[in-house]
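In order, the protein sequences belong to chains H and X. Residue 226 in this note's numbering is what sits at position 226 of the first sequence, and the numbering runs on without skipping anything. Residue 244 in this note's numbering is what sits at position 244 of the second sequence, and the numbering runs on without skipping anything. For every residue, glycine included, the Cβ atom is placed at its ideal position computed from N, Cα and C.
There are 2 protein chains.
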Amino acid sequence: MPVNQLRRDPITGRWAIILNDEFDLNDLIIQSPKLKNKTQTCPFCENNETMTPPEIMALRNPGSFPNGPGWRVRVIPDRNPVLQIYGDINNRGVGLYDVLDGIGAHEIVIETPHHNQSVIDLSEAQIQEVLLTYQARILDLKKDERLRYIVVHKNTGEAIGETAHHCYSFVIGSPVTPKRVKDELVNSRDYFQFKERCLFCDIIRQEATMKERLVLEDGVFFAYAPFASRRPFELWIGPQKHETFFEQNTEMKMLSKMLKALFAKLFKLLNNPDYILAIHSGPNLQAGKRRGYWQTLERDFHWHIEITPRLETDTSLEVGSGFPVNPVPPEKAAELLRKTD
Amino acid sequence: MPVNQLRRDPITGRWAIILNDEFDLNDLIIQSPKLKNKTQTCPFCENNETMTPPEIMALRNPGSFPNGPGWRVRVIPDRNPVLQIYGDINNRGVGLYDVLDGIGAHEIVIETPHHNQSVIDLSEAQIQEVLLTYQARILDLKKDERLRYIVVHKNTGEAIGETAHHCYSFVIGSPVTPKRVKDELVNSRDYFQFKERCLFCDIIRQEATMKERLVLEDGVFFAYAPFASRRPFELWIGPQKHETFFEQNTEMKMLSKMLKALFAKLFKLLNNPDYILAIHSGPNLQAGKRRGYWQTLERDFHWHIEITPRLETDTSLEVGSGFPVNPVPPEKAAELLRKTD
Numbered sequence: 001m002p003v004n005q006l007r008r009d010p011i012t013g014r015w016a017i018i019l020n021d022e023f024d025l026n027d028l029i030i031q032s033p034k035l036k037n038k039t040q041t042c043p044f045c046e047n048n049e050t051m052t053p054p055e056i057m058a059l060r061n062p063g064s065f066p067n068g069p070g071w072r073v074r075v076i077p078d079r080n081p082v083l084q085i086y087g088d089i090n091n092r093g094v095g096l097y098d099v100l101d102g103i104g105a106h107e108i109v110i111e112t113p114h115h116n117q118s119v120i121d122l123s124e125a126q127i128q129e130v131l132l133t134y135q136a137r138i139l140d141l142k143k144d145e146r147l148r149y150i151v152v153h154k155n156t157g158e159a160i161g162e163t164a165h166h167c168y169s170f171v172i173g174s175p176v177t178p179k180r181v182k183d184e185l186v187n188s189r190d191y192f193q194f195k196e197r198c199l200f201c202d203i204i205r206q207e208a209t210m211k212e213r214l215v216l217e218d219g220v221f222f223a224y225a226p227f228a229s230r231r232p233f234e235l236w237i238g239p240q241k242h243e244t245f246f247e248q249n250t251e252m253k254m255l256s257k258m259l260k261a262l263f264a265k266l267f268k269l270l271n272n273p274d275y276i277l278a279i280h281s282g283p284n285l286q287a288g289k290r291r292g293y294w295q296t297l298e299r300d301f302h303w304h305i306e307i308t309p310r311l312e313t314d315t316s317l318e319v320g321s322g323f324p325v326n327p328v329p330p331e332k333a334a335e336l337l338r339k340t341d
Numbered sequence: 001m002p003v004n005q006l007r008r009d010p011i012t013g014r015w016a017i018i019l020n021d022e023f024d025l026n027d028l029i030i031q032s033p034k035l036k037n038k039t040q041t042c043p044f045c046e047n048n049e050t051m052t053p054p055e056i057m058a059l060r061n062p063g064s065f066p067n068g069p070g071w072r073v074r075v076i077p078d079r080n081p082v083l084q085i086y087g088d089i090n091n092r093g094v095g096l097y098d099v100l101d102g103i104g105a106h107e108i109v110i111e112t113p114h115h116n117q118s119v120i121d122l123s124e125a126q127i128q129e130v131l132l133t134y135q136a137r138i139l140d141l142k143k144d145e146r147l148r149y150i151v152v153h154k155n156t157g158e159a160i161g162e163t164a165h166h167c168y169s170f171v172i173g174s175p176v177t178p179k180r181v182k183d184e185l186v187n188s189r190d191y192f193q194f195k196e197r198c199l200f201c202d203i204i205r206q207e208a209t210m211k212e213r214l215v216l217e218d219g220v221f222f223a224y225a226p227f228a229s230r231r232p233f234e235l236w237i238g239p240q241k242h243e244t245f246f247e248q249n250t251e252m253k254m255l256s257k258m259l260k261a262l263f264a265k266l267f268k269l270l271n272n273p274d275y276i277l278a279i280h281s282g283p284n285l286q287a288g289k290r291r292g293y294w295q296t297l298e299r300d301f302h303w304h305i306e307i308t309p310r311l312e313t314d315t316s317l318e319v320g321s322g323f324p325v326n327p328v329p330p331e332k333a334a335e336l337l338r339k340t341d
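Structure representation (structure tokens):
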């Protein structure tokens, strides 16, 4: 039997332990609770617009009005934002510590007016509109020089209450770069300085040649199971041509088609799993210019989307030691996903 | 009302969002399952020694024999180790990726022969023997030049089966340094190069002056709620005098006394929570010398113990965006813990 492997992810610098034991897919699947019927009390449903703060933007049918029905995608501020949009960052030291006031944006993108739809119920056209909405929000928030980084993310496994059965995601605009993203930015920059090539471009070229971790490619986008996957069936999707900013990509129709196909595979193979999705785009150069920190960046970083199904895995070693333990080698995950249709 | 704060942890470089809302302690407490009675099938119980692999070491009563009853602390290899001790690391590249065979140590420290004891049931003398056992295992594993880092950790919330009700911890010897620990080592080294002082010493001096995050001090050890705590009631404990290696400390009696007092406070205030404990010591200089990487280290790093109770907190933002959101400011956590006796 081959031994387990320690694998290093070149983008984040993090090691994972990839097991080589046999695994039973059924042991990994968490039975998600059944969807609930539409209720009167979900604030994200059409006709309940008055239950939310006023909308920031919406994609609307002709003749409909803001904060009324007739929308297809709707963006609102979180009712209890952890970061708030008004005020000064007030960057300061407390002795040797760094502290900022919790300034930023904390927005909710409601991806459909209908309750009880999950991502695989959305049409390609609807997914495309959600992606275009993310782009619009990132572009708008990047006008704010206080905000260094805009994260788009989604986590279907943690929501509680009525909204747990409504399809939505978050856009967070932050005055600091999250550690995980900063690791990616710094490693990508260091690699470029060393090799004069983009790290992510090199990875895609290698994966396209090796093919064992490839899941889908369409000439524009490339989806694969990363070499040092932290979790079973983790997937990364990025443009095949070098591009720093997700919000500048003009192929959202192609991307929605690929995402639809990937989610169809994941949902069929893993029995409708909860999942986490995050878009890692380049940072806000408006904020960067002010600090003169990221000026070489545009050539360095390569945007991508990370999708991670929420499966039953033992995280006790990871939490204590820092090593994620992944029972499904990414080559096996990619093979199973390629075969699923 | 004061706004939320973004706080940066100087040792790891990670930001956390500290909320300033009111919180109800009872909302955070997870009701842990009741302890089960001793059974015939727990392999960690005294008299069941034949159910485990042969012991690596044990603290034994006079007249007792290896792999029989009569021990007070017992160390065994994990039956299903994610890292195995025999073989070559086989450090190699796969194209641009780095990979090593899963070589290392994966040991279990059984902290008591008795079922159904949690850490607060152990006497100071017993805790001291557990700490001395950790030291012995670290010293022994550091003789192995293949191993770069030895992690001691414990996670009472994830165990399943019979052993869930037995008190034990892990010692992992790894050929690579976990990302989280490496961040600490690199930040500590960079700080020393900039300031010519130890970062952790500076933190302890500052916390000893400010006092608002101090929980306990006894002239030798110092326990406090870190400024950018990721989780409510996170605690760090370290020696007040600069010291790089946990395993070289000769004050384990004092440390066991402080840990006993801290756990008594945590268990009383938070109703017997599950918790994570990790010891961060300096890396293995034997492995370091071979690679010439850590030679300035002894002055840079300062060992410490991290204890984090497992409470009900919303991690959805953290998982997607990378920002932990902590509803209990560490000043408040420290105040509540100081008042608990």
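Item, Value
"Ends of the alpha helix (DSSP H) at X:SER316?", "316-321"
"Alpha carbon to alpha carbon, how far is X:ILE17 from H:LEU259?", "31 angstroms"
"When you compare each of X:THR52, X:LEU25, X:ALA228, X:PHE170 to X:PRO10 by their alpha carbons, which one comes out closest?", "X:ALA228"
"Do X:CYS42 and X:HIS114 have their C-beta atoms within less than 8 angstroms of each other?", "no"
"Assuming the contact rule is C-beta atoms closer than 8 angstroms, H:ASP144 and H:GLY173 should be a hit. Round their C-beta distance to whole Å, please.", "7 angstroms"
"Give a yes or no on whether 8 angstroms exceeds the smallest Cβ distance from X:GLN117 to chain H.", "no"
"By a C-beta neighbour count over all protein chains shown, 10 Å radius and 16 as the cutoff for buried, is H:LEU64 buried or exposed?", "In the sequence as displayed, the identity of residue 64 of chain H is Ser instead of Leu. When all chains shown are included, H:SER64 counts as exposed."
"With a threshold of 16 other CB atoms inside 10 Å of the CB of X:VAL94, please say whether the residue is buried or exposed.", "exposed"
"Return the chain-ordered ranges of every alpha helix (DSSP H) run that is complete within the stretch 48-107 of chain X and spans a minimum of 4 residues.", "none"
"Tell me the DSSP bridge mates of X:GLU217?", "X:PHE222"
"Output the distance between the C-alpha atoms of H:GLY292 and X:TYR134, rounded to the nearest integer angstrom.", "Annotation note: pLDDT 49 at H:GLY292 (below 50); position unreliable, coordinate value reported separately. In a straight line, the C-alpha of H:GLY292 is about 47 angstroms away from that of X:TYR134."
"Helix, strand or coil for X:THR209? Go by DSSP, reduced to three states.", "helix"
"Measure the alpha-carbon distance for H:THR31 versus H:GLY157 and round it to whole angstroms.", "Inspection of the sequence shows that residue 31 of chain H is occupied by Gln rather than by Thr. Near 11 angstroms, if we compare the C-alpha coordinates of H:GLY157 and H:GLN31."
"Whole angstroms is fine: what's the gap from H:PHE222's alpha carbon to H:ALA208's?", "8 angstroms"
"Assuming the contact rule is C-beta atoms closer than 8 angstroms, X:PRO309 and X:LEU266 should be a hit. Round their C-beta distance to whole Å, please.", "6 angstroms"
"Quick one: residues in its chain with C-beta nearer than 8 angstroms to the C-beta of X:ALA278, no 5 flanking neighbours on either side, listed in chain order?", "VAL151, VAL152, HIS153, LYS154, ILE305, GLU306"
"I need the DSSP call for H:LYS143, collapsed to helix, strand or coil.", "coil"
"From H:THR112 to H:LEU59, what does the alpha carbon distance come to, in whole angstroms?", "10 angstroms"
"Quick check on X:ARG137 - is its C-beta less than 8 angstroms from some C-beta in chain H?", "no"
"Can you list, in chain order, the residues of its chain with a C-beta nearer than 6 angstroms to that of H:ASN284? Leave out the 5 residues immediately preceding and following it.", "LYS142, LEU147, ARG148"
"What number of angstroms, rounded off, separates the C-alpha of X:ASP300 from the C-alpha of X:PHE245?", "11 angstroms"
"Between X:GLU374 and X:GLU318, what straight-line distance do the alpha-carbon atoms span, to the nearest angstrom?", "As shown, chain X starts at 1 and ends at 341. That puts residue 374 of chain X outside it, with no answer to give."
"Looking at the strands, I want to know which residues DSSP matches up with H:PHE170.", "H:ILE108, H:HIS153"
"Please go through the same chain and pick out, in chain order, the residues whose beta-carbon is closer than 8 angstroms to the beta-carbon of H:VAL75, but skip the five residues on each side of it.", "GLU55, ILE56, MET57, ALA58, GLU107, ILE108, VAL109, ILE110, THR133, ARG137, VAL171"
"Can a CB atom of chain X be found closer than 8 angstroms to the CB of H:GLN84?", "yes"
"Could you name the residues that DSSP lists as bridge partners for X:GLN5?", "H:ASP101, X:ILE18"
"Determine, using beta-carbon pairs with one atom in the stretch 193-213 of chain X and one in the stretch 70-86 of chain X, whether at least three such pairs fall under 8 angstroms.", "no"
"Name, in chain order, the residues that DSSP records as bridge partners for H:VAL325.", "H:ILE17"
"If you scan the stretch 244-302 of chain H from start to end, which runs of the alpha helix (DSSP H) of 4 or more residues do you find wholly inside it?", "252-269, 285-291, 297-300"
"According to DSSP, is X:THR308 part of a helix, a strand, or is it coil?", "strand"
"Would you say H:HIS153 reaches chain X, if we count a Cβ-Cβ gap shorter than 8 angstroms as a contact?", "yes"
"Indicate whether at least one CB of chain X lies closer than 8 angstroms to the CB of H:PRO10.", "yes"
"Of the choices H:ASP190, H:GLN240, H:PHE323, H:GLY87, whose alpha-carbon is the least far from that of H:LEU19?", "H:PHE323"
"Spell out whether any CB of chain H is found under 8 angstroms from the CB atom of X:ALA278.", "yes"
"On the three-state DSSP scale, how would you describe H:LEU235?", "strand"
"Looking at the C-beta of H:LEU141, does it have a partner C-beta in chain X at a distance below 8 angstroms?", "no"
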